[in-house]
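Quick notes on the structure that follows.
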Amino acid sequence: MFLFALPDHAKPLVAPVGCPFVMHYCMRRLLNAVNKKIIRSYQSSAMALSRFEYVKQFEHEDKLLSNCWIVVRIDGKGFHRFCNVHKFDKPNDPDALQLMNMAGMTVMQEFNEIAVAFGQSDEYSFVFRRDASIYQRRRDKLVSYVASLFTSAYMFHWDRIFHSRSLVIRYPPSFDARAVLYPTDDNLRDYLSWRQADVHVNNLYNTTFWNLVASVQHQLQQRTDYVPKGNHSVTEDRQCVREK
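Sequential numbering of the sequence shown, starting at 1478, is according to the working numbering.
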């Protein structure tokens, strides 16, 4: 039990004299509630100034440099396995890409200081304006919030996107994030060009590769339909495809 004195600005209120019984009773209830809030707020502020408060000195705020474009890029962790487990279409699953866009839109709606966002595959880049002052430009705060919001939005919109396919999520996805500063407009343009070039190369490779896989599987299926029993050539062909 603690004994303490209230400061002058937090003195308990006193009920007016001469009120009718009902009004007097109601006023007493109201004044008691107000007094409890005043006591509780004063008590919490007094206890915050304890001998343990020195641990705050170990915290370090890494603030991002002013007058620079801030790019927060999130990237899916282990999404190759995630796509296989959930049987996403190869090379591009329209529903999976739409889910990424929904998560990206949620982040943009939350932060009005984002100038543009660029997404591809399992990553998204959010470009904050040069004069952005969100969280006083604290790196840890900004990166952690963008990553957590994107991840939660990805989970939130899952059922909405995959409802028609009755696709149940098997395990929760995760995304890492980093913040990179670009001091000039040319640097930012080159960054976006770099990500676009990555999209172009990956799509050329993935589209070609998975079309070849689909073509080989189709040919094997046709041979299976016409080859008589006892012929092992089809089995050998399938083994070669798996090894490749």
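Cβ atoms here follow ideal geometry from the backbone N, Cα and C, with glycine treated the same way.
Small disclaimer: the values here were computed from a predicted structure and weren't measured.
Own chain partners of residue i with C-beta closer than 8 angstroms, once the 5 adjacent residues on each side are dropped
i, result
"L1626", "T1583, V1584 and E1587"
"L1480", "Here the model assigns L1480 a pLDDT of 41, short of 50, so the residue's position is not dependable and the matter cannot be decided."
"K1611", "The displayed chain sequence assigns Ile, not Lys, to residue 1611. Answer for I1611: F1588, E1590, F1605 and L1619, listed in chain order."
"C1545", "R1607, L1658, Y1659 and P1660"
"R1642", "D1572"
Close beta carbons around residue i, own chain, < 6 angstroms, minus the five adjacent residues each side
i, result
"I1646", "W1635"
"V1657", "V1548"
"F1453", "Residue 1453 lies beyond the residue range present for the chain, which begins at 1478 and ends at 1721; the question has no answer from this structure."
"Q1716", "Its pLDDT being 48, under 50, Q1716 is placed unreliably by the model, and the measurement read from it follows with that caveat. No residues qualify anywhere along the chain."
"Y1682", "none"
Residue burial classification, residue i (beta-carbon count within 10 angstroms, cutoff 16)
i, result
"V1619", "This sequence places Leu at residue 1619; Val is not what is there. Buried is the call here."
"E1600", "buried"
"G1553", "buried"
"L1665", "buried"
"A1691", "exposed"
"A1510", "exposed"
"W1671", "exposed"
"T1684", "exposed"
"L1490", "Low local confidence applies: a pLDDT of 48 at L1490 is under 50, so the model's placement there is unreliable, with the coordinate-based value given in what follows. Under this definition L1490 is an exposed residue."
"A1482", "Low local confidence applies: a pLDDT of 44 at A1482 is under 50, so the model's placement there is unreliable, and no value is given."
Cα-Cα separation, residue i to residue j
i, j, result
"T1628", "A1573", "14 angstroms"
"R1528", "R1506", "36 angstroms"
"N1578", "G1596", "7 angstroms"
"F1652", "N1569", "19 angstroms"
"D1675", "I1551", "15 angstroms"
"Q1673", "G1555", "22 angstroms"
"E1530", "E1536", "12 angstroms"
"V1532", "A1592", "37 angstroms"
"L1508", "D1662", "60 angstroms"
"D1566", "Y1668", "29 angstroms"
"R1637", "Y1648", "17 angstroms"
"F1686", "H1677", "14 angstroms"
"M1504", "Q1534", "45 angstroms"
Chain-order list of residues whose beta-carbon lies under 7 angstroms from that of residue i (same chain, five-residue window excluded)
i, result
"L1542", "L1658"
"Y1631", "L1576, A1580 and P1650"
"E1538", "R1615"
"N1679", "S1598"
"D1617", "D1539"
Test: residue i CB closer than 9 angstroms to a CB of chain C
i, result
"E1538", "As a matter of chain content, chain C is missing from the structure shown, which is built from one protein chain."
Residue j beta carbon less than 9 angstroms from that of residue i
i, j, result
"K1540", "Q1613", "yes"
"Y1623", "F1639", "First, the amino acid is wrong: residue 1623 is Val here, not Tyr. Not in contact: V1623 and F1639 (Cβ atoms no closer than 9 angstroms)."
"L1644", "K1564", "yes"
"A1594", "S1621", "no"
Is the stretch 1605–1617 close to the stretch 1550–1563, with three or more CB pairs under 8 angstroms? no
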